[in-house]
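Taking it in order: structure first as structure tokens, then the write-up.
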């Protein structure tokens with residue numbers, strides 16, 4: 205059976221303000237009721253596959269675990285990268301982990317942030333690729349282009365292998381072209397968009413990586429550690445992995461190997477690399493508007509509007525992207541969406557939190573929404589999932605008031621443990637050791653009021669933690 209390997213390590217900012225460094229687009233629900241990561245996993249149903257392996261940044265570990273748990277696909281199958289080192293090392297970690305018990309599976313390598321409309325055609329392309337991978341080819345999937353796109357790399361096909369249009373030798377990989385060059389590629393009929401999806405045997409990939417980039421191979425081999433007992437994560441030694449070169453699988457292996465081949469894929473694929481791309485793949489009304497949330501329109505055409513909570517009214521406008529979150533509003537012409545990066549650069553330079561995280565901050569036990577922020581007090585709406593438990597902790601600079609809005613809280617302060625229900629409250633003095641747990645079957649909602657001389661999230665001494673955090 206195939207081993208799906210899903211790369212979920214990106215921290216892209218092209219879909220700001222919805223995508224943030226700590227909550228990038230692969231974890232967002234942009235195109236359906238599921239996140240893009242969840243859609244990538246669910247898209248594999250009806251194929252003969254093992255449980256997928258997901259590779260992600262260590263900072264996203266609990267987010268990935270929760271999203272896999274929600275779709276019942278969590279099974280000690282998350283590889284944690286302590287730092288990003290691009291796709292060649294990420295795939296090497298998955299391959300090394302796959303062969304550690306003497307196995308040599310065919311790996312189907314996918315990105316967690318792609319949209320594929322026609323799943324049946326995708327499945328058919330995967331099935332076509334399996335015999336080639338079993339014959340030790342390194343297969344990439346080439347997207348049949350719909351136009352002279354300048355935002356993608358291209359793959360030029362060579363001689364056909366097998367029956368017509370099943371697969372081709374790769375003649376060459378080419379970088380993102382200018383428009384005249386892209387137009388010449390389309391006219392030739394020999395080029396595909398580079399999808400970043402692959403299939404090959406684990407040992408064959410490692411053999412080629414060791415041949416062309418032994419430095420990456422050795423660094424990854426050295427950095428892969430044993431799985432800690434009772435955890436859902438496969439850990440990687442940070443010191444060893446930090447020495448690994450940062451390189452894509454295209455540069456490290458696919459452009460050098462003589463075993464590369466391409467299988468065409470025409471399944472309504474998009475990497476959703478911009479707000480205009482997201483507008484293209486979403487359903488539209490009769491005036492070509494793609495809408496999510498509470499929106500009123502009048503004489504408005506060709507817009508993408510997405511709002512979290514507040515109503516958005518658009519009157520007499522065309523071809524705009526309007527994205528409204530709890531803490532930021534983006535209004536941009538659809539033809540200039542690539543310049544969203546200018547906003548993110550400004551936020552980083554000025555050390556503003558909006559580039560890094562949302563007002564909602566996700567934790568392994570639930571989430572916290574900063575409703576009010578003042579110098580001497582903050583108000584947070586805290587949601588604790590059923591069975592969730594905060595770390596046993598204390599604070600040097602702040603006291604806290606907890607007011608129960610919904611559900612049941614099991615509270616421990618010092619040596620005393622007690623239950624609180626709706627409309628009840630408690631007070632945690634500065635320096636008190638305390639914890640909070642949801643023993644119920646429904647989410648626990650509390651209003652947390654912090655007061656004191658310093659209110660930062662780093663004023664926490666964790667004494668015991670259920671999730672293995674320091």
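Residue numbers (this note's numbering): 205 to 674.
Ideal Cβ positions, reconstructed from N, Cα and C, are used throughout, including at glycine.
Along the chain, where does the beta strand (DSSP E) that runs through residue i open and close?
{"i": "residue 315", "result": "310 to 315"}
{"i": "residue 667", "result": "665 to 668"}
{"i": "residue 597", "result": "596 to 598"}
{"i": "residue 650", "result": "648 to 656"}
{"i": "residue 392", "result": "No beta strand (DSSP E) contains residue 392, which is instead part of the alpha helix (DSSP H) from 383 to 392."}
{"i": "residue 207", "result": "207 to 211"}
{"i": "residue 683", "result": "No answer is possible for residue 683: the residues shown for the chain start at 205 and end at 674."}
{"i": "residue 374", "result": "371 to 378"}
{"i": "residue 358", "result": "358 to 365"}
{"i": "residue 284", "result": "282 to 285"}
Just the C-alpha distance for residue i and residue j, rounded to the nearest angstrom, thanks.
{"i": "residue 629", "j": "residue 586", "result": "14 Å"}
{"i": "residue 620", "j": "residue 638", "result": "9 Å"}
{"i": "residue 606", "j": "residue 479", "result": "39 Å"}
{"i": "residue 601", "j": "residue 666", "result": "15 Å"}
{"i": "residue 221", "j": "residue 525", "result": "12 Å"}
{"i": "residue 559", "j": "residue 240", "result": "20 Å"}
{"i": "residue 400", "j": "residue 205", "result": "21 Å"}
{"i": "residue 609", "j": "residue 647", "result": "10 Å"}
{"i": "residue 431", "j": "residue 663", "result": "At residue 431 the pLDDT is 48, less than 50, meaning the model places this residue with poor confidence and gives no usable figure here."}
{"i": "residue 424", "j": "residue 437", "result": "17 Å"}
{"i": "residue 518", "j": "residue 576", "result": "28 Å"}
{"i": "residue 682", "j": "residue 541", "result": "Since the first residue shown for the chain is 205 and the last is 674, residue 682 is missing from the structure and cannot be characterised."}
{"i": "residue 334", "j": "residue 481", "result": "30 Å"}
{"i": "residue 491", "j": "residue 233", "result": "24 Å"}
{"i": "residue 210", "j": "residue 617", "result": "42 Å"}
{"i": "residue 633", "j": "residue 228", "result": "36 Å"}
{"i": "residue 377", "j": "residue 501", "result": "45 Å"}
{"i": "residue 625", "j": "residue 631", "result": "15 Å"}
{"i": "residue 457", "j": "residue 225", "result": "28 Å"}
{"i": "residue 464", "j": "residue 546", "result": "37 Å"}
{"i": "residue 214", "j": "residue 380", "result": "20 Å"}
{"i": "residue 265", "j": "residue 669", "result": "15 Å"}
{"i": "residue 277", "j": "residue 579", "result": "43 Å"}
{"i": "residue 339", "j": "residue 644", "result": "53 Å"}
{"i": "residue 254", "j": "residue 515", "result": "43 Å"}
{"i": "residue 247", "j": "residue 598", "result": "44 Å"}
{"i": "residue 412", "j": "residue 420", "result": "11 Å"}
{"i": "residue 270", "j": "residue 392", "result": "46 Å"}
{"i": "residue 596", "j": "residue 295", "result": "37 Å"}
What residues are listed by DSSP as bridge partners for residue i?
{"i": "residue 573", "result": "564, 585"}
{"i": "residue 325", "result": "BP columns for residue 325 are empty, so no partner."}
{"i": "residue 395", "result": "360"}
{"i": "residue 257", "result": "209"}
{"i": "residue 474", "result": "319"}
{"i": "residue 468", "result": "346"}
{"i": "residue 227", "result": "224"}
What first and last residue would you give for the alpha helix (DSSP H) that runs through residue i?
{"i": "residue 640", "result": "No alpha helix (DSSP H) holds residue 640; the beta strand (DSSP E) holding it covers 638 to 641."}
{"i": "residue 243", "result": "240 to 246"}
{"i": "residue 482", "result": "479 to 485"}
{"i": "residue 295", "result": "291 to 302"}
Residue i by DSSP, collapsed to three states: which one?
{"i": "residue 331", "result": "helix"}
{"i": "residue 220", "result": "coil"}
{"i": "residue 263", "result": "helix"}
{"i": "residue 234", "result": "coil"}
{"i": "residue 593", "result": "strand"}
{"i": "residue 659", "result": "coil"}
{"i": "residue 578", "result": "coil"}
{"i": "residue 272", "result": "helix"}
{"i": "residue 337", "result": "helix"}
{"i": "residue 671", "result": "coil"}
Quick one: is the Cβ of residue i within less than 7 Å of any heavy atom of the ligand PLP?
{"i": "residue 616", "result": "Absence of the ligand PLP is noted for the structure shown, with no ligands found whatsoever."}
Please give the ranges of any alpha helix (DSSP H) in the segment 493 to 560, keeping only runs that are unbroken, at least 4 residues long and fully inside the region. 544 to 553
### Uninterrupted beta strand (DSSP E) stretches inside the segment 600 to 633 (no shorter than 3 residues)
602 to 610, 613 to 617, 620 to 624, 629 to 632
*Which runs of the beta strand (DSSP E) spanning at least 3 residues fall entirely within the segment 397 to 466, listed in chain order?*
none
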